[in-house]
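Mapped onto our numbering, the consecutive letters of the sequence shown carry residue numbers 181 to 391.
Below is one structure, written out as structure tokens, with a few remarks after it.
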Amino acid sequence: MPHGCHQVIKKMKFRALLPLNRRCNAASGQQKLSNPSVTLIAAALAAVALAGCETTDKKPAPTTSATVPATPSLQSFLDAGAKARKEGSRNKERDAYRAGAAAYPTSKQPWLKLAEGYFEEADYGNTILAAQEVLQRDAADSVATSMLAVSGLRVANTALTALRKQNNLGADTRSQAEGVAKQLREVLGEPVLVPKNEAGSPPSCQACQSV
């Protein structure tokens with residue numbers, strides 16, 4: 181029991197007994213107090229005081245940092261993705277990179293790994309999305325810019341080829357496409373904008389950097 185509670189109880193007992201002792205002493209000199217009801221009252225007051233002390237002394241258990249799990253490092257996510265890639269598990273690889281991107285939203289590395297993987301599989305739509313995420317975090321990233329440019333050209337080429345086969349290539353669409361193609365030839369200095377891929381051989385990141 182705290183020391184303060186002992187002091188409170190002693191004071192309460194003394195104050196409860198003091199008036200009665202004074203009356204008894206006045207009536208019979210040195211006569212001692214023998215009324216049992218006084219003892220019960222004092223005991224009840226002491227019990228109430230003790231209960232109050234116990235209630236106020238109870239405090240919630242402090243929380244410790246050990247109960248909060250630590251976030252894995254960014255490198256651990258990248259290593260997990262690389263390991264899954266060596267094992268031939270594309271889904272696990274991408275899951276690891278996506279988890280890294282969620283845990284470290286300001287880092288471009290997980291998105292760059294995703295873009296490279298999509299590009300190697302000629303999945304140009306997802307390559308564009310992942311490359312844009314990279315450029316939002318680092319606008320000067322040349323690898324992401326190259327993958328974005330090549331993927332955009334290949335998507336546009338596929339769409340224009342499909343329209344031409346359907347005889348649905350309108351004059352306005354054709355004119356805009358020719359204008360963009362002319363600008364790209366001037367920038368690249370190449371007569372062929374989108375070289376054909378060999379069957380079963382998706383373009384590599386080294387090829388996209390040469391654009």
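Just so it is clear, CB atoms sit at the ideal spot from N, CA and C, and this is done for glycine as well.
Under the three-pair Cβ rule at 8 angstroms, the segment 307-316 counts as touching the segment 290-298. In terms of CA proximity to glutamate 300, Arg270 leads the group Lys263, Arg270 and Ala264. Taking all protein chains in view, the Cβ of glutamine 289 is crowded by 16 or more other Cβ atoms within 10 Å, so the residue is classified as buried. With fewer than 16 other Cβ atoms from the protein chains shown falling within 10 Å of its own Cβ, glycine 369 counts as exposed. By the beta-carbon neighbour count (other beta carbons within 10 angstroms, threshold 16), glycine 350 is exposed. Membership of threonine 338 in the alpha helix (DSSP H) is indicated by the continuous run 322-345.
DSSP places tyrosine 277 in the uninterrupted alpha helix (DSSP H) bounded by 270-283. For the 8 angstroms CB-CB criterion, tyrosine 284 and leucine 254 form a contact. The continuous stretches of alpha helix (DSSP H) do not include leucine 349, and DSSP gives it neither H nor E. Taking C-beta atoms under 8 angstroms as the contact rule, threonine 353 and leucine 343 qualify, at a distance of about 7 angstroms. Threonine 286 sits in coil when the DSSP states are folded into three classes, being neither helix nor strand. The straight-line gap separating the alpha-carbon atoms of glutamate 358 and asparagine 348 is approximately 16 angstroms. Per DSSP, the continuous alpha helix (DSSP H) segment holding threonine 307 begins and ends at 304-317. For the pair glycine 332 and proline 249, the Cα-to-Cα distance works out to about 42 angstroms.
Under the three-state reduction of DSSP output, glutamate 358 falls in the helix class. The straight-line gap separating the alpha-carbon atoms of phenylalanine 257 and serine 322 is approximately 23 angstroms. Annotation for serine 256: the continuous alpha helix (DSSP H) segment containing it runs 254-266.
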